[in-house]
Amino acid sequence: MNILMIDNHDSFTYNLVHYMEDSASDIEVIVTKPEALYGGMMEELDISGIVISPGPSHPSDRPEVIDFINDAWGTVPILGICLGHQMLWHMAGGTVGRGARPIHGHVSAAIHDGGWMFGDIPSPFNVARYHSLVAEGEVPPGFEVSAWTGDGVVMAIRHKEHDIAGLQYHPEAILSEHGKKQLESFIRTVMEGGHHVRTHEIQKK
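Structure follows, in structure tokens:
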């Protein structure tokens, strides 16, 4: 089963790849840069899920990624991390602006709602943050905030109908608690064809 990793030129991308490939023996993560995306790629490579990596810049600076995700919207599970999370918010009509201060390598306590991507993870739990931009303002149509900090910064979002989620923090960072468990939750959803499946744990063969 193939998962497409859109690498927004970020040094954390291959940490994510290794975490995900270690989670299940029949998962292959195909890595591509934004400029290498093309129409028909999903079908040609038999993609069952998409991860949008962290990276520099504002979501609006990645129109090729936005166009690609728009075409895939609602057809396969999608997970956005850091920039990828902000991109989902931006695409849905939300505002992405500068936070009160840049956050790089800072650990925050995230409070969550216990829904998809969180399950039995304790709340709050510690997450590692590396970002200057934040999702702000009104929650865009179709989405709900699923995790946040004590001072109200959005840490995770989830679509109400589709298997689409965003994490502002880095689950692959060693300072993030339960990060691998969250990535496994996404992979389970991909493997079961969507619909927020949480019915079994992945077993490495």
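Note that this note's numbering gives residue 202 to position 70 of the sequence shown, counting from 1, and the numbers run on in steps of one.
We treat Cβ as the ideally placed atom computed from N, Cα and C, and that holds for glycine.
Fair warning: this is a prediction, and the values are worked out from it, not measured in the lab.
Report task. Please list the segments of the beta strand (DSSP E) lying wholly inside the region 275-317, counting only runs of 3 or more residues, in order along the chain. Result -> 275-281, 286-291 and 296-299
Query raised in the report: If you count every other CB in all the chains shown that lies within 10 Å of the CB of residue 186, and 16 or more means buried, which is it?
Result: Residue 186 sits at position 54 when you count from the first residue of the sequence shown. When all chains shown are included, residue 186 counts as buried.
**Report entry** Nearest-angstrom Cβ-Cβ length linking residue 307 and residue 260, presumed shorter than 8 Å
**Finding:** Counting from one through the sequence shown, the residue named residue 307 turns up at place 175. Counting from one through the sequence shown, the residue named residue 260 turns up at place 128. Rounded, the Cβ-Cβ distance is 4 Å, consistent with contact.
Query raised in the report: When burial is assigned at 16 or more other CB atoms within 10 Å of the CB, is residue 199 buried or exposed?
Result: Taking the first residue of the sequence shown as position 1, residue 199 is located at position 67. Label assigned to residue 199: exposed.
Requested in this report: Counting only the same chain and skipping the five closest in sequence on each side, list residues whose C-beta sits under 7 Å from that of residue 273.
Outcome: The count along the sequence shown starts at 1 and reaches residue 273 at position 141. Excluding positions up to five away in sequence, the list reads 224 and 225.
Report task. Could you spell out the range, first to last residue, of the beta strand (DSSP E) harbouring residue 262? Result -> Reading the sequence shown from its first residue, position 130 is the one you call residue 262. Looking at the DSSP string, the run of the beta strand (DSSP E) that includes residue 262 is 257-268.
Requested in this report: Identify whether residue 227 lies in helix, strand or coil by the three-state DSSP scheme.
Outcome: Stepping through the sequence shown from its first residue, residue 227 is reached at position 95. Strand, per DSSP.
Report task. Just the C-alpha distance for residue 319 and residue 152, rounded to the nearest angstrom, thanks. Result -> Residue numbering aside, residue 319 sits at position 187 when the sequence shown is read from its first letter. Residue numbering aside, residue 152 sits at position 20 when the sequence shown is read from its first letter. Near 8 Å, if we compare the C-alpha coordinates of residue 152 and residue 319.
Requested in this report: Quickly, what does DSSP pair residue 202 with across the bridge? List them, please.
Outcome: Sequence index remark: in the sequence shown, residue 202 carries index 70 (1-based). Answer is none; residue 202 lacks a bridge partner.
Query raised in the report: How is the beta strand (DSSP E) around residue 207 delimited, first residue to last?
Result: Here residue 207 corresponds to residue number 75 of the sequence shown, with the count starting at 1. Element bounds for residue 207: n/a, residue is neither H nor E.
Report task. Could you tell me whether the region 240-252 touches the region 192-206, where touching means 3 or more Cβ pairs closer than 8 Å? Result -> no
Query raised in the report: If you follow the alpha helix (DSSP H) that residue 148 is part of, which residue opens it and which one closes it?
Result: Walking along the sequence shown from the start, residue 148 turns up at place 16. Note, residue 148: alpha helix (DSSP H), 145-155.
Query raised in the report: Leaving out the 5 sequence neighbours to the left and right, which residues in its chain are closer than 7 Å to residue 304 when beta-carbon positions are compared?
Result: Counted from its first residue, the sequence shown places residue 304 at position 172. So the qualifying residues of the chain are 144, 147, 148, 151 and 311.
Requested in this report: Note down, in chain order, each residue of its chain lying with its Cβ closer than 6 Å to the Cβ of residue 169, except the 5 sequence neighbours on either side.
Outcome: On the sequence shown, residue 169 is found 37 positions in, with the first residue counted as 1. For residue 169, where only same-chain residues beyond five positions count, the Cβ hits under 6 Å are 196 and 200.
Query raised in the report: Would residue 234 count as contacting chain C if we go by Cβ distances under 9 Å?
Result: Any reference to chain C falls outside this structure, which holds one protein chain only.
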